[in-house]
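Under numbering that gives the first Met the number 0, the first residue of the sequence shown carries the number 0, and numbering increases by one thereafter. All C-beta atoms in this analysis are idealised placements derived from N, C-alpha and C, irrespective of residue type, glycine included. All of these numbers come straight from a predicted model, not from anything done at the bench.
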Amino acid sequence: MKTYSLFHLADDVLVHGLKSLLACDRTTTAELLAHIAEVDERRLYLPAAYPSMYLYCVHELHMSEDSALKRIQAARAARKFPGIFAAVAEGRLHLSAVGMLAPHLMSETADGLLAAAEHRTKAEIALLLTERFPRPDVPTTVQAVEVTVATDPLRSEPVDALAIQPAPGHVESASPPRPTVAPLSPGRFVVRFTLGQSAHDLLRYAQALLGHAVPSGDIAEVVKRGLATLVEQLEKRVFPPSARPRSQRSAAKGRQVPAEVRRAV
């Protein structure tokens, strides 16, 4: 039986093993994408009684929903632009990067965009995309969250629950959307999260109290002012006055000019 305890390994051996395994994992991931792309292209999920490649990966191959979605998107992009396979295998692009770049890849610009995204984090790629493909600000809205039926994220229509045929005892659960902060264009960000009732009430009350200063009730401005006040309070708590450097103005106040000098002047 294989043991996963590595305490006996020397530091250099452990680090070398980690890097070797990571290289193998990247190569295996690229090969997995190639297989997914070909199975998807041949629609081999249909003989297994699944209406989509996504459901086939989740229920037949037992991938997580996120894992299946990410790999299918990357596989489809790599089928159109085969250079992605080598970039993933060599560690120049990770799967998240491929998924973020995929909607923007076109035959005339794909090579340059893929090269610009190499060895970048998700946050860095998001900023790269906003620079090249800026989006307008989103409208400000506050709305109740509706419970929706499970859908295949790779398809526009709802999934027929009878066509999925999950294993006995399998329960579908709809997870709430994750909070996100994403750039839209240079210096502009869209923020999505869910408010509880008490936080919602505080937001509405703050809008009412700021009615004279922010007549439009703009939520972005209300949140900005609230965060500014919160940060100021936290700074006073975390950095006591003795720990904060004195400003030039406060330092000048500390050097009092004698009264007789002021009268002479």
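Report the rounded CA-to-CA distance for residue i versus residue j, giving the unit in angstroms.
i: C23; j: L208; result: 59 Å
i: K121; j: V87; result: 15 Å
i: L229; j: P135; result: 29 Å
i: D217; j: L201; result: 14 Å
i: Q196; j: A143; result: 10 Å
i: H34; j: V14; result: 30 Å
i: A48; j: F132; result: 39 Å
i: A36; j: V97; result: 14 Å
i: A198; j: P50; result: 41 Å
i: L21; j: H58; result: 27 Å
i: P240; j: Q232; result: 12 Å
i: A181; j: G225; result: 20 Å
i: Q206; j: K235; result: 25 Å
i: F238; j: E220; result: 26 Å
i: M99; j: K1; result: 37 Å
i: K18; j: H7; result: 18 Å
i: A125; j: S95; result: 11 Å
i: R203; j: A227; result: 18 Å
i: P46; j: R25; result: 30 Å
i: G301; j: P214; result: The chain is shown from 0 up to 264; residue 301 falls before or after that span and cannot be answered.
i: G16; j: E123; result: 29 Å
i: R42; j: K223; result: 50 Å
i: S106; j: D65; result: 27 Å
i: L60; j: L183; result: 35 Å
i: T27; j: V141; result: 44 Å
For residue i, collect the residues of the same chain with a Cβ closer than 8 Å to its Cβ; drop the 5 residues on either side in sequence, then sort them by chain order.
i: Y3; result: none
i: H93; result: V87
i: A101; result: Q72, A73, R75, A76
i: K69; result: L94, S95, G98
i: D11; result: none
So residue i and residue j are in contact, right, with Cβ under 8 Å, and what is the actual spacing, rounded?
i: D39; j: I83; result: Incorrect: roughly 15 Å between the Cβ atoms, too far for contact.
i: H118; j: L112; result: So it is not a contact: roughly 14 Å between Cβ atoms.
i: L32; j: A77; result: 5 Å
Would residue i be called buried (16 or more neighbouring beta carbons within 10 Å of its own) or exposed?
i: L5; result: exposed
i: P157; result: With a pLDDT of 44 at P157, under the threshold of 50, the predicted position of this residue should be treated as unreliable, though the coordinate-derived value follows. Under this definition P157 is an exposed residue.
i: Y265; result: Nothing in the structure corresponds to residue 265, since the chain is present only between 0 and 264.
i: L211; result: In the sequence on display, residue 211 carries His and not Leu. The residue in question, H211, is exposed, as its Cβ has fewer than 16 Cβ neighbours within 10 Å.
i: S172; result: With a pLDDT of 44 at S172, under the threshold of 50, the predicted position of this residue should be treated as unreliable, though the coordinate-derived value follows. Under this definition S172 is an exposed residue.
i: A9; result: exposed
i: Y44; result: buried
i: R191; result: exposed
Note down, in chain order, each residue of its chain lying with its Cβ closer than 6 Å to the Cβ of residue i, except the 5 sequence neighbours on either side.
i: V137; result: V189
i: A109; result: F80
i: C56; result: M62, A67
i: T139; result: I218
Note down, in chain order, each residue of its chain lying with its Cβ closer than 7 Å to the Cβ of residue i, except the 5 sequence neighbours on either side.
i: A115; result: L127
i: E130; result: P185
i: A29; result: F84, V87, A88
i: R187; result: D136
Q: Output the residue ranges of the alpha helix (DSSP H) runs that lie fully inside the segment 190 to 234 and measure 4 residues or longer, sorted by chain position.
A: The alpha helix (DSSP H) runs lying completely inside the segment 190 to 234 and spanning 4 residues or more are 196 to 208, given in chain order.
Q: Jot down the residue ranges of each uninterrupted alpha helix (DSSP H) in the segment 44 to 128, minimum 4 residues, whole runs only, in chain order.
A: Taking 4 residues as the shortest admissible run, the segment 44 to 128 contains the following complete alpha helix (DSSP H) segments, listed from N- to C-terminal end: 64 to 79, 82 to 88, 94 to 100, 109 to 115.
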